[in-house]
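Q: One structure coming up, written as structure tokens, with questions to follow.
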Amino acid sequence: MEQNIYKPIQCEVIDVFEESPTIKTIRLKPLEPFSFLAGQFISFTVPGIGEAPFTPSSSPFEKNYMEVTVMKTGKVTAAIHQIKKADIVGIRGPYGKPYPMEKFADKNILLVGGGVGLAPLRALFYALIETLDNYKSIVFCLGARSPVDFIFKKEVFETWLSESWLSSYKKISFRITADKKDETWKYNEGVVTKILDNLPFVPENAVVCGPPVMMKFTTLKLLDVGYKPEEIYLSMERKMYCAIGQCRHCLLGDKFVCKDGPVFTYEEIKNQPKIWA
Amino acid sequence: MDTYFIEKNIWADYIRKKSLEINIYAAFEKSEPVFSNESQFIRADKTQKSSLMWEIANPDNIDKIIYDRMHPVAPLKIFFFPFKEIILPEIDSITPFFIIGATNCDLLALDITDKVFKDNNYKDPSYSRRRQQATIISIDCQKPDEYCFCELWGNRTYPEKNFDLNLTYTSEGFIAEIGSEKGVSIIKEIDKKEKTSEETASLRESIRKQTQNIVKNNNSQYKICEIGHIRNDVPSCLENKIDSPEWKSAVTDCVQCGACNAACPTCVCFLLEDFSSQKSFTKAKIWDYCLYQSYAKMASGVSPRPLLWERYANRLLCKYQYMVKNFGIVGCTGCGRCIAGCPGKIDKRKILQEVAKQ
Ligand SMILES: Cc1cc2nc3c(=O)[nH]c(=O)nc-3n(C[C@H](O)[C@H](O)[C@H](O)COP(=O)(O)OP(=O)(O)OC[C@H]3O[C@@H](n4cnc5c(N)ncnc54)[C@H](O)[C@@H]3O)c2cc1C
Ligand code: SF4
Ligand code: SF4
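From first to last, the protein sequence lines are chains A and B.
319 is the number of the first residue of the first sequence in this note's numbering; add one for each residue after it.
346 is the number of the first residue of the second sequence in this note's numbering; add one for each residue after it.
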């Protein structure tokens, strides 16, 4: 009999990191060989509770573990936030199309992420770093509602923004903002669209991930600063069960988020109904 | 393919014998649903004039099998894509079975369900095996009701594909057309049969014409799109009609029961439910209805279709636009079940006609 398409691979939880009051990163060790490409997603089973889709946030080149970064919003995500080291969970996948790395070759790349939307961009960023010779330059814009909600703090502030790191990755720069700052915040204040002016390069490729409103206004802004609809890559979210193009919950008009996406160019979906819902 | 004439009692004897070997599901006249106790069908049945139900045939009820009416209340998909089933771990044994009484509107729907669950990179654990084990003995529809509108979309009232053996009922016996190897073996097992004569061929022709005319006459007031619309193209008159004001008035009597989804042979949406423990992963697949508010609602509480008219429009656009883009076939076969079973008496033919006009 063929392998059951719904059978998850067991994974051991090897670490849990608290990113913000509502977001945790779970580090998993798959107990069978498993790999993914940046942008692809998995379906994550908490035994006895249920299943939900997430995009891995760790480097696709990392062979020892995989991380998912999860915001608590409901039943399954609440259960994920209860997970402890050594627990066994299930994953199936990878599903969906990866980011089109070949399209980024010899180009300037803009990454724009907000909140938990930074998860897939972190995986993409690591993948870009691995093959940095292929690209002209990268500007990574990171946003959050408030400094407390900002995720991957340790990595961003202690590693990426350190002088030594920046001097060894000269093609890369960062722009950081919080919708509303507090006294500790040394970076920009305001929504992420506010840090998209005066980009240091001609518009070529922009990758966006965040809540629907953020993606909507970021897309409008990017069109405004000269990006073409086919150069703007958006991560779309829809209700999803099967993740393999059967249950039809994730349809965005006639496009399946699970197999035609989850990343689409704005050009591909701009005529589908209610894309920002 | 080859056609044979089989006398009624010869056929009945064959089925009687066969019913002792394997499960045979056939159409029977019933006042209560028997095959499925799912409430959707009970609801659909209350407003539906036809009360043909699928039931297991046994030597005692063989003579009551109905061969000359229309489709049963429950769509054919229930045999391959049941209302609820455990898909992980999958059922190990699916044994051969017969279905007698499938009509063309349901056979055509198999083109869609096959593309979703079988002819896909990911194969549903049970669907293909059920399809393999099933022998489909279809019939020519002879008494369509006022809700049937297959001919309006250029679909025929009699099967042309997706059957193993098709039976045209006549007062003397059956004109049996072979549709596959499984059909060949049935005919082999029947000793007494004759190749059809020209006379029986023209009898079948006239029976078919008669039924087609009933459907055409019942639908003469509807001119939705260009006549004889091709089944594998988006009807241009329905393209990009999401903003039509007609949808809003269409749903005033909709009670969001989902009967139109449940009864439809091409509705394939389902949700997954977990019963896993750390040692084993267990999953059930259950029909889901796009008319329900919960269907598309995301964890954030946001839904792309919060309003009822948006969900209703989505259901119809899914059939006439999205499924055509996805599978190359119009996702409605014109069986009329969603009209017959609607407690709000919403007639999609009228809605489509209005939407198409704008
Ligand atoms: C491709 C993709 C990638 C994603 N990546 C990430 C990511 O990296 N990080 C992240 O935080 N989020 C991500 N998400 C969003 C994440 O999948 C959702 O937040 C998650 O599914 C919420 O699940 P929940 O059970 O906690 O929420 P709930 O609100 O409990 O459930 C979500 C929906 O499922 C329904 N539902 C729940 N249980 C059942 C049931 N038993 N039967 C029927 N319906 C039920 C509810 O009606 C609700 O509408 C991604 C989504 C997609 C589509
Ligand atoms: S259209 Fe009719 S059958 Fe469908 S959900 Fe509404 S009331 Fe029920
Ligand atoms: S949409 Fe209605 S008429 Fe068309 S196949 Fe489905 S139930 Fe039948």
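Every residue, glycine too, gets a C-beta built ideally from N, C-alpha and C.
Does the structure place the stretch 411 to 429 of chain B close enough to the stretch 641 to 660 of chain B that three or more beta carbon pairs sit under 8 Å?
A: Because the criterion of three Cβ pairs below 8 Å is not met, the stretch 641 to 660 of chain B and the stretch 411 to 429 of chain B do not touch.
Q: For the beta strand (DSSP E) containing residue 584 of chain A, name the first residue and the last one.
A: The sequence position of residue 584 of chain A within the first sequence is 266, counting from 1. Note, residue 584 of chain A: premise wrong, no beta strand (DSSP E); alpha helix (DSSP H) at 584 to 587.
Q: Chain B partners of residue 572 of chain A, CB-CB under 7 Å?
A: For the purposes of this step, residue 572 of chain A is identified with residue 254 of the first sequence, where counting begins at 1. Going along chain B in sequence order, the residues near residue 572 of chain A (Cβ under 7 Å) are 666, 667, 670, 671.
Q: Hey, is residue 640 of chain B's beta-carbon within less than 8 Å of any beta-carbon in chain A?
A: Here residue 640 of chain B refers to the residue found at position 295 of the second sequence. Chain A contact via Cβ: present.
Q: Is residue 359 of chain A near ligand 1, judged by its Cβ being under 7 Å from some heavy atom?
A: As a first step, residue 359 of chain A must be located in the first sequence, where it is residue number 41. Indeed, a heavy atom of ligand 1 lies less than 7 Å from the Cβ.
Q: Answer yes or no: does any C-beta atom of chain A fall closer than 8 Å to that of residue 614 of chain B?
A: Locating residue 614 of chain B in the second sequence gives position 269, where the first residue counts as 1. Taking Cβ atoms only, chain A reaches closer than 8 Å to residue 614 of chain B, which makes this a yes.
Q: Can you tell me whether DSSP reads residue 497 of chain A as helix, strand or coil?
A: Position 179 of the first sequence, counting from 1, holds the residue named residue 497 of chain A. In this structure, residue 497 of chain A counts as coil in the three-state DSSP scheme.
Q: Taking only the alpha-carbon atoms, compute the straight-line gap between residue 658 of chain B and residue 688 of chain B and give it to the nearest angstrom.
A: In the second sequence, residue 658 of chain B corresponds to position 313, counting from 1. In the second sequence, residue 688 of chain B corresponds to position 343, counting from 1. Residue 658 of chain B and residue 688 of chain B: Cα-Cα distance of roughly 18 Å.
Q: Can you have a look at residue 393 of chain B and say buried or exposed, based on whether 16 or more other CB atoms are within 10 angstroms of its CB?
A: For the purposes of this step, residue 393 of chain B is identified with residue 48 of the second sequence, where counting begins at 1. Confidence at residue 393 of chain B is low in this model, with a pLDDT of 48, below 50, so the placement of that residue should be treated as unreliable; the coordinate-derived value is given next. Label assigned to residue 393 of chain B: buried.
Q: Cα-Cα, which of A:350, A:375, A:362, A:361 is closest to residue 445 of chain A?
A: One-based indexing of the first sequence puts residue 445 of chain A at position 127. Selected option, being the one with the closest Cα: A:375.
Q: Looking at C-alpha atoms only, which residue of A:564, A:364, A:583 is the closest neighbour of residue 577 of chain A?
A: As a first step, residue 577 of chain A is located in the first sequence; it is residue number 259 there, counting from the start. The candidate whose alpha carbon is nearest that of residue 577 of chain A is A:564.
Q: Run through chain B and tell me which residues come within less than 7 Å of residue 400 of chain A, C-beta to C-beta.
A: The count along the first sequence starts at 1 and reaches residue 400 of chain A at position 82. Within chain B, no residue comes near residue 400 of chain A; the closest Cβ sits about 14 Å away, beyond 7 Å.
Q: Could you say if the stretch 433 to 442 of chain A and the stretch 461 to 475 of chain A meet the contact criterion of at least three C-beta pairs nearer than 8 Å?
A: A contact exists between the stretch 433 to 442 of chain A and the stretch 461 to 475 of chain A.
Q: Which runs of the alpha helix (DSSP H) spanning at least 4 residues fall entirely within the stretch 593 to 663 of chain B, listed in chain order?
A: Complete alpha helix (DSSP H) runs here, min 4: 604 to 608, 653 to 662.
Q: Which same chain residues, not among the five before or five after residue 375 of chain B, have their C-beta less than 8 Å away from its C-beta?
A: The residue given as residue 375 of chain B occupies position 30 in the second sequence. Around residue 375 of chain B: 396, 397, 398, 400.
Q: Closer than 7 Å to a non-hydrogen atom of ligand 2 - does that hold for the CB of residue 604 of chain B?
A: Indexing the second sequence from 1 puts residue 604 of chain B at position 259. Residue 604 of chain B: yes, Cβ under 7 Å from ligand 2.
Q: Buried or exposed for residue 661 of chain B, going by 16 or more other Cβ atoms inside 10 Å?
A: The count along the second sequence starts at 1 and reaches residue 661 of chain B at position 316. With 16 or more Cβ atoms within 10 Å of its Cβ, residue 661 of chain B is classed as buried.
Q: For residue 459 of chain A, decide whether its Cβ has a neighbour in chain B, counting only Cβ atoms nearer than 8 Å.
A: Counting from 1 along the first sequence, the entry for residue 459 of chain A is found at position 141. Output row for residue 459 of chain A: interface = no.
Q: How about residue 401 of chain A and residue 334 of chain A: do their beta carbons lie closer than 8 Å?
A: Here residue 401 of chain A is taken as the residue at index 83 of the first sequence, counted from 1. Here residue 334 of chain A is taken as the residue at index 16 of the first sequence, counted from 1. Closer than 8 Å, so yes.
Q: Can you check which of these residues, A:539, A:437, A:529, is closest to residue 344 of chain A by C-alpha distance?
A: Residue numbering aside, residue 344 of chain A sits at position 26 when the first sequence is read from its first letter. Per the Cα distances, A:437.
Q: What is the residue span of the beta strand (DSSP E) that residue 361 of chain A lies within?
A: As a working mapping, residue 361 of chain A is identified with position 43 in the first sequence. Note, residue 361 of chain A: beta strand (DSSP E), 359 to 364.
Q: Under 7 Å from any heavy atom of ligand 3, does the C-beta of residue 775 of chain B make it?
A: Here chain B comprises residues numbered 346 to 703, so residue 775 of chain B is not present and cannot be evaluated.
Q: Chain A beta carbons: is any one of them nearer than 8 Å to that of residue 382 of chain B?
A: Working through the second sequence from its first residue, we reach residue 382 of chain B at position 37. Any answer about residue 382 of chain B is weak, because its pLDDT of 45 lies below 50 and its placement is not dependable; what the coordinates show is given next. No, its Cβ sits nowhere closer than 8 Å to a Cβ of chain A.
Q: Reducing DSSP to helix, strand and coil, say where residue 667 of chain B ends up.
A: Numbered from its first residue, the second sequence carries residue 667 of chain B at position 322. Residue state, collapsed to three classes: helix.
Q: Taking the alpha-carbon positions, what's the residue 520 of chain B to residue 354 of chain A distance?
A: Within the second sequence, the letter at position 175 stands for residue 520 of chain B. Within the first sequence, the letter at position 36 stands for residue 354 of chain A. Computed Cα separation, rounded: 56 Å.
Q: So if DSSP puts residue 578 of chain A in a beta bridge, which residue, or which two residues, is it bridged to?
A: The residue labelled residue 578 of chain A in the question sits at position 260 within the first sequence. In DSSP, residue 578 of chain A forms no bridge with anything.
Q: List, in chain order, every chain B residue whose beta-carbon is nearer than 8 Å to that of residue 569 of chain A.
A: Position 251 of the first sequence, counted from the first residue, corresponds to residue 569 of chain A. Under the 8 Å cutoff, chain B gives 663, 667.
Q: Any heavy atom of ligand 2 closer than 7 Å to the Cβ of residue 696 of chain B?
A: Translated into the one-based positions of the second sequence, residue 696 of chain B becomes position 351. Residue 696 of chain B Cβ: outside cutoff for every heavy atom of ligand 2.
Q: Taking all protein chains shown into account, do 16 or more other C-beta atoms lie within 10 angstroms of the C-beta of residue 573 of chain A, making it buried, or fewer, making it exposed?
A: Reading the first sequence from its first residue, position 255 is the one you call residue 573 of chain A. Its Cβ being crowded by 16 or more others within 10 Å, residue 573 of chain A is buried.
Q: Could you please tell me which residues of the stretch 463 to 482 of chain B, in chain order, have their CB closer than 8 Å to any CB of chain A?
A: Listed by position, the residues of the stretch 463 to 482 of chain B near chain A (Cβ gap below 8 Å) are 465, 466, 467, 468, 469, 470.
Q: Give, in chain order, every unbroken run of the alpha helix (DSSP H) that is at least 4 residues long and sits entirely within the stretch 475 to 538 of chain B.
A: Listed in chain order, the complete alpha helix (DSSP H) runs (minimum 4 residues) inside the stretch 475 to 538 of chain B are 526 to 534.
Q: Which residues mark the beginning and the end of the alpha helix (DSSP H) in which residue 613 of chain A is found?
A: A query on residue 613 of chain A cannot be resolved here, the shown segment of chain A reaching from 319 to 595 and no further.
Q: Measuring alpha carbon to alpha carbon, tell me which of B:630, B:480, B:645, B:623 ends up nearest residue 525 of chain B.
A: Residue mapping note: residue 525 of chain B aligns to position 180 of the second sequence, counting from 1. Among B:630, B:480, B:645, B:623, the Cα nearest to that of residue 525 of chain B is on B:480.
Q: List, from N- to C-terminal side, the beta strand (DSSP E) runs of 3 residues or more that fit wholly inside the stretch 425 to 452 of chain B.
A: Fully enclosed beta strand (DSSP E) runs of 3 or longer: 429 to 433, 442 to 447.
Q: Say yes only if the C-beta of residue 620 of chain B is nearer than 7 Å to one or more non-hydrogen atoms of ligand 1, and no if none qualify.
A: Locating residue 620 of chain B in the second sequence gives position 275, counting from the first residue. Outside the cutoff, so no.
Q: So for residue 558 of chain A, helix, strand or coil by DSSP?
A: Numbered from 1 along the first sequence, position 240 holds the residue referred to as residue 558 of chain A. Reduced to three states, the DSSP call for residue 558 of chain A is coil.
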